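Enquirer:
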Amino acid sequence: MGKMDKDTKFIHLHTHSHYSLLDGLSKLEDLIDLAKKDGMSAVAITDHGNMYGAIAFYKLAKKEGIKPILGVEMYMTAGSRLDRTAEAGNGKRYYHLTLLVKNQEGYKNLIKLVTIANLEGYYYKPRIDKESLRKYSAGIIALSGCLGGELSQSIVRNDIRKAEELINEYKDIFGKENYFIEIQCHPNVENDKVVRETLIKLAKKHNVDVVATQDSHYPCTDDHKAHNTLLQVNTQSDGREGTKFEFSDDDFSFIDTKKALEIFKDIPEAVSNTMKIADMCNLELELGKWVFPDFKLEIGVTYNQKLRELTFEGFERLEIKATPEILERVEYELKIICDKGYSPYFLVVGDLLNYAKQNNILTTIRGSVAGSMVTYLLGITNVDPIEYKLPFERFLNPFRPSPPDIDMDFADNRRDEMIEYAKKKYGEDKVAQIGTFGTMMARGSVRDVARALGYPYVIGDRLSKMIPMGSQGMPMTINHAMEIVPELKDAYKKEKDTKEIIDLAKKLEGCARHISVHAAGVVISPLPLLEYVPTQLDPKGGKIITQYDMYSVEDAGLLKFDFLGIRNLAILGDAIRLVKKFYNIDINIERIPLEDKKTFSLLANGQTEGLFQLNGSGMTRYLKELKPTSIHDINAMVALYRPGPMETIPEYIKRKHNSQLIKYMDPRMKKFLGESYGLIVYQDDLLFCAIELAGYNWEEADKFRKAVGKK
788 MGKMDKDTKF IHLHTHSHYS LLDGLSKLED LIDLAKKDGM SAVAITDHGN MYGAIAFYKL
848 AKKEGIKPIL GVEMYMTAGS RLDRTAEAGN GKRYYHLTLL VKNQEGYKNL IKLVTIANLE
908 GYYYKPRIDK ESLRKYSAGI IALSGCLGGE LSQSIVRNDI RKAEELINEY KDIFGKENYF
968 IEIQCHPNVE NDKVVRETLI KLAKKHNVDV VATQDSHYPC TDDHKAHNTL LQVNTQSDGR
1028 EGTKFEFSDD DFSFIDTKKA LEIFKDIPEA VSNTMKIADM CNLELELGKW VFPDFKLEIG
1088 VTYNQKLREL TFEGFERLEI KATPEILERV EYELKIICDK GYSPYFLVVG DLLNYAKQNN
1148 ILTTIRGSVA GSMVTYLLGI TNVDPIEYKL PFERFLNPFR PSPPDIDMDF ADNRRDEMIE
1208 YAKKKYGEDK VAQIGTFGTM MARGSVRDVA RALGYPYVIG DRLSKMIPMG SQGMPMTINH
1268 AMEIVPELKD AYKKEKDTKE IIDLAKKLEG CARHISVHAA GVVISPLPLL EYVPTQLDPK
1328 GGKIITQYDM YSVEDAGLLK FDFLGIRNLA ILGDAIRLVK KFYNIDINIE RIPLEDKKTF
1388 SLLANGQTEG LFQLNGSGMT RYLKELKPTS IHDINAMVAL YRPGPMETIP EYIKRKHNSQ
1448 LIKYMDPRMK KFLGESYGLI VYQDDLLFCA IELAGYNWEE ADKFRKAVGK K
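Quick note on the working numbering: the sequence shown kicks off at 788 and runs consecutively.
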């Protein structure tokens, strides 16, 4: 046996995170924290058949000074990935194989393998075959796998000849230096010892390095029960039939170096080989470097030139006079857009919306993009930002680090047509909807844990209802609920059952439970998507979706395009169609007069049923008191009718009906608060306050941010 270097550290190379969906309890923060505490220089993430958490893990590990090793525990079929018969793999549908990324090429190849496994090889599990491995093995280290690996299973069957064939085959696929025989120590698992001892003998015989790993599905030993509970939750067990996890009787926690040296004391070089592998893995990802769809242009024309051309065509189309004020604004915006390299993005969005208009698909735009004169001239937005005093800088400024975000709304009954157009224009293999993860929230965790532990429904229901509902962007946590709900805190202290449920629910809270389709997000890539992100089929609908969520997709370099389906736009579309059918009148929804007295009269009388954002008893009451007479009144009511600013509504109504009440804290504020009667109503108002009153300067602010960041 080899000697152990005194500086040897065990590097976890077989670690499952909470992104494993079915059985991963280890949150990324937990993994990195445990690695730091043990002084590990690196740690790997090897979730089952997916790369869901790869980018988030990479960023967090880098931030904490830990080398991230990206990997996957793949499902291998002994035959062809295309074989979906019951006999696939000699009666076993799949085996496990651990793959780790060495470099950029390996990362790209792992993405391809995971995508192939999900789109071509899925049969109960996302499977790959050796044909795929041979094609995309470069830059990847292969470990022979856990007890569920094909090599270990050959030993279990006492088929040593097959085991030796597999060793030679994998050495040939990956190269001897990139193939390791993986040993683990799970004493309570059947065949563990005999398999481990045989693997070591075979490794020596075939001159292959042995590496020690430990299959880790949860952070600490005392998380064993929480892990079993998670399995029962995700397999819909009720606590009486036990868990369906094959190896649940053993410890599958994240072990430290001391533990590794103890359980692998007979073969210390297997522990030191974890450091050898970590040294071989040196992936550096360039995150946030944007790529845009391949928007075709005439030969010799640049994206910037095309954007300028289409922008100035908008003056004639919209019948807008090119005054010095407007031209100055347009040139200012174009310079920022072009300097930051975003011209292709604006051209793509403009083309999508132009297609919608040509095909009578009702669409609109939300958010700060309405502050752009360029987008107004392009036909992306339908609001004149100068007329409505909307600042461009809230949407985009020279120092904004993130890309622009244009939210496109389409009639929900025709949204799929827009996605199909994008696929037709840019390529089926370059367009996909974005995946998103459903997580176990506070209330659901408590309810699920109670059921999994076999408690009567009423107990879980009672406890979950004690937890207040969270708000969008601010989800409620069990810990916070314990702080603000005395009854829950009291029950936790006095009731043994409640304590058990709450303690386990806190460990499950935040775990990814399922992947689904983002309501709006779509990515359009210049190259096939598997060059940037792993993809799979939506479990419910069969659509191709990214395995990365909206944040990781953008980190990977693909901008998110929002295609949101809105029911109200479909209703408007039907109304336009019916008016044409019964009255033979063509209505241009973009040219509806904004001073129609009858419309304001209907609102003032409370006739708001079915109106988007203007219906409901509370809003209707305020509209009757306000008696709106301009579009600015409607805008203000929509902005103010929400928690917080709602208390300003009575003062707004008073000032509208009594101009003597209108006042400004500073005379300069009249310039931008005139339509809101001196009240701060919009986020734009705060921005104008900073610029006009406090002398806010974008360039100086950016210098300050950078200086603070360096400190």
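We treat Cβ as the ideally placed atom computed from N, Cα and C, and that holds for glycine. Everything numeric in this text was worked out from a predicted model, so none of it was measured.
Let me know the alpha helix (DSSP H) ranges lying completely inside the segment 1245-1281, each 4 residues or longer, listed in chain order.
Expert: Listed in chain order, they are 1265-1271 and 1273-1281.
Enquirer: Consult DSSP for I915 and reduce its assignment to one of helix, strand or coil.
Expert: As a working mapping, residue 915 is identified with position 128 in the sequence shown. Strand at I915.
Enquirer: Suppose you measure from the CA of Y1451 to the CA of F1459; what does that come to, to the nearest Å?
Expert: Within the sequence shown, residue 1451 is the residue found at index 664, counting from 1. Within the sequence shown, residue 1459 is the residue found at index 672, counting from 1. Cα-Cα distance, rounded: 11 Å.
Enquirer: Going straight from the alpha carbon of A1391 to that of E1412, what length do you get?
Expert: Indexing the sequence shown from 1 puts residue 1391 at position 604. Indexing the sequence shown from 1 puts residue 1412 at position 625. Their backbone Cα atoms lie some 7 Å apart in a straight line.
Enquirer: Just how far apart, CA to CA, sit Y1433 and L1427?
Expert: Working through the sequence shown from its first residue, we reach residue 1433 at position 646. Working through the sequence shown from its first residue, we reach residue 1427 at position 640. The question names Tyr, but residue 1433 in the sequence shown is Met. In a straight line, the C-alpha of M1433 is about 5 Å away from that of L1427.
Enquirer: Whole alpha helix (DSSP H) runs in the segment 1269-1352 with 4 or more residues, listed along the chain?
Expert: Counting only runs of 4 or more, we get 1273-1281, 1283-1295 and 1337-1342.
Enquirer: Does G985 come out as helix, strand or coil in the three-state DSSP assignment?
Expert: Your numbering for residue 985 matches position 198 in the sequence shown. Correcting the residue type first, residue 985 is Thr in the shown sequence and not Gly. In the structure shown, T985 sits in a helix (DSSP, three-state: H, G or I).
Enquirer: Hey, quick one: how far does the beta strand (DSSP E) through E967 stretch, first residue to last?
Expert: Residue numbering aside, residue 967 sits at position 180 when the sequence shown is read from its first letter. The residue you asked about is not Glu; residue 967 is Phe in the sequence shown. Start and end: Y966 to I970.
Enquirer: Since G1222 and V1304 are thought to touch, with beta carbons under 8 Å apart, how far apart are those beta carbons, to the nearest angstrom?
Expert: Along the sequence shown, one-based indexing puts residue 1222 at 435. Along the sequence shown, one-based indexing puts residue 1304 at 517. Yes, G1222 and V1304 are in contact; Cβ-Cβ is about 7 Å, under 8 Å.
Enquirer: Quick check on N1015: buried or exposed, where buried means 16 or more other Cβ atoms within 10 Å of its Cβ?
Expert: Stepping through the sequence shown from its first residue, residue 1015 is reached at position 228. The residue in question, N1015, is buried, as its Cβ has 16 or more Cβ neighbours within 10 Å.
Enquirer: With a threshold of 16 other CB atoms inside 10 Å of the CB of I1372, please say whether the residue is buried or exposed.
Expert: Counting from one through the sequence shown, the residue named residue 1372 turns up at place 585. Classification of I1372: exposed, given that the 10 Å Cβ count is below 16.
Enquirer: Beta-carbon separation of V998 and E969 under 8 Å?
Expert: Position 211 of the sequence shown holds residue 998. Position 182 of the sequence shown holds residue 969. Yes. Within cutoff.
Enquirer: If you scan the segment 1125-1198 from start to end, which runs of the alpha helix (DSSP H) of 4 or more residues do you find wholly inside it?
Expert: Here the runs fully enclosed are 1130-1145 and 1160-1165.
Enquirer: Can you tell which of I1467, L1448, H1301 and S1446 has its C-alpha closest to the C-alpha of M1456?
Expert: Sequence index remark: in the sequence shown, residue 1456 carries index 669 (1-based). For M1456, the nearest C-alpha among the options comes from I1467.
Enquirer: By the three-class DSSP mapping on this structure, what secondary structure does G1405 have?
Expert: Here residue 1405 corresponds to residue number 618 of the sequence shown, with the count starting at 1. Residue state, collapsed to three classes: helix.
Enquirer: Quick check on L887: does DSSP put it in helix, strand or coil?
Expert: For the purposes of this step, residue 887 is identified with residue 100 of the sequence shown, where counting begins at 1. In the structure shown, L887 sits in a strand (DSSP, three-state: E or B).
Enquirer: Our contact map puts T1150 next to L1140 with C-beta atoms below 8 Å; I'd like the distance itself, whole angstroms only.
Expert: As a working mapping, residue 1150 is identified with position 363 in the sequence shown. As a working mapping, residue 1140 is identified with position 353 in the sequence shown. The pair is a contact, with the Cβ atoms about 6 Å apart (cut-off 8 Å).
Enquirer: Please return the same chain residues whose Cβ sits closer than 6 Å to the Cβ of K1031, not counting the five positions on each side in sequence.
Expert: If you number the sequence shown from 1, residue 1031 lands on position 244. Low confidence applies here, because K1031 scores a pLDDT of 47, under 50, leaving its location unreliable; read the following figure in that light. Cβ within range, chain order: T1022.
Enquirer: Which class does A999 belong to by DSSP, given the choice of helix, strand or coil?
Expert: For the purposes of this step, residue 999 is identified with residue 212 of the sequence shown, where counting begins at 1. Note: A999 maps to strand in three-state DSSP.
Enquirer: Please state whether DSSP places V1236 in a helix, a strand or coil.
Expert: As a first step, residue 1236 must be located in the sequence shown, where it is residue number 449. Note: V1236 maps to helix in three-state DSSP.
Enquirer: In chain order, what residues of the same chain lie with their CB nearer than 6 Å to the CB of D817, ignoring the 5 residues before and after it?
Expert: Within the sequence shown, numbered from 1, the residue matching residue 817 stands at position 30. Answer for D817: P1006, listed in chain order.
Enquirer: S1232 to L800, Cα distance in whole Å?
Expert: By one-based count along the sequence shown, residue 1232 stands at place 445. By one-based count along the sequence shown, residue 800 stands at place 13. Roughly 29 Å between the two C-alpha positions.
Enquirer: Is the beta carbon of Y1469 sitting closer than 8 Å to the one on Y1439?
Expert: As a working note, residue 1469 is residue 682 in the sequence shown. As a working note, residue 1439 is residue 652 in the sequence shown. Against a cut-off of 8 Å, the Cβ pair of Y1439 and Y1469 comes out as no contact.
Enquirer: Looking at the secondary structure, which residues open and close the alpha helix (DSSP H) in which M861 lies?
Expert: As a working note, residue 861 is residue 74 in the sequence shown. No alpha helix (DSSP H) contains M861, which is instead part of the beta strand (DSSP E) from K854 to M863.
Enquirer: By how many angstroms is the C-alpha of V1320 removed from the C-alpha of V1381?
Expert: The residue you call residue 1381 lines up with position 594 of the sequence shown. The residue you call residue 1320 lines up with position 533 of the sequence shown. Looking at the sequence shown, residue 1381 is not Val but Leu. Cα to Cα, the separation comes out at about 45 Å.
Enquirer: Check for me: the beta strand (DSSP E) holding A950 runs from which residue to which?
Expert: Along the sequence shown, read from residue 1 onward, the residue named residue 950 stands at position 163. That residue, A950, is in no beta strand (DSSP E); its alpha helix (DSSP H) goes I947 to F961.
Enquirer: Around the C-beta of I1124, are 16 or more other C-beta atoms found within 10 angstroms, so that it is buried, or is it exposed?
Expert: Counted from its first residue, the sequence shown places residue 1124 at position 337. I1124 comes out buried.
Enquirer: Just confirm the distance between the C-beta atoms of R1300 and G1225, as a whole number of angstroms; I'd bet it's less than 8 Å.
Expert: For the purposes of this step, residue 1300 is identified with residue 513 of the sequence shown, where counting begins at 1. For the purposes of this step, residue 1225 is identified with residue 438 of the sequence shown, where counting begins at 1. Right, their Cβ atoms sit about 5 Å apart.
Enquirer: Would you grab the beta carbon distance between A730 and L1356 for me? Rounded to a whole angstrom, and I think it's under 8 Å.
Expert: No answer is possible for residue 730: it lies beyond the span of the chain, which begins at 788 and ends at 1498.
Enquirer: Quick one: residues in its chain with C-beta nearer than 6 Å to the C-beta of T1008, no 5 flanking neighbours on either side, listed in chain order?
Expert: Within the sequence shown, residue 1008 is the residue found at index 221, counting from 1. Excluding positions up to five away in sequence, the list reads D1038 and S1040.
Enquirer: Does the distance from the C-beta atom of D1342 to that of L1074 stay below 8 Å?
Expert: For the purposes of this step, residue 1342 is taken as residue 555 along the sequence shown, with counting starting at 1. For the purposes of this step, residue 1074 is taken as residue 287 along the sequence shown, with counting starting at 1. Yes, Cβ-Cβ distance for D1342 and L1074 is below 8 Å.
Enquirer: Whose C-alpha, out of P1255, G1214, L1121 and P1055, is nearest the C-alpha of E1180?
Expert: As a position in the sequence shown, residue 1180 is number 393, starting the count at 1. The candidate whose alpha carbon is nearest that of E1180 is L1121.
Enquirer: Per the contact definition of three or more C-beta pairs closer than 8 Å, is the segment 834-852 in contact with the segment 900-913?
Expert: Yes: at least three Cβ pairs fall under 8 Å.
Enquirer: Ends of the alpha helix (DSSP H) at Q940?
Expert: As a working mapping, residue 940 is identified with position 153 in the sequence shown. Residues E937 to V943.
Enquirer: Just mark F1399 as buried or exposed, buried being the case when its beta carbon has 16 or more other beta carbons within 10 Å.
Expert: One-based indexing of the sequence shown puts residue 1399 at position 612. Under this definition F1399 is an exposed residue.
Enquirer: Check whether the segment 906-918 and the segment 887-898 touch, using three or more Cβ-Cβ pairs below 8 Å as the test.
Expert: Too few Cβ pairs lie closer than 8 Å, so no.
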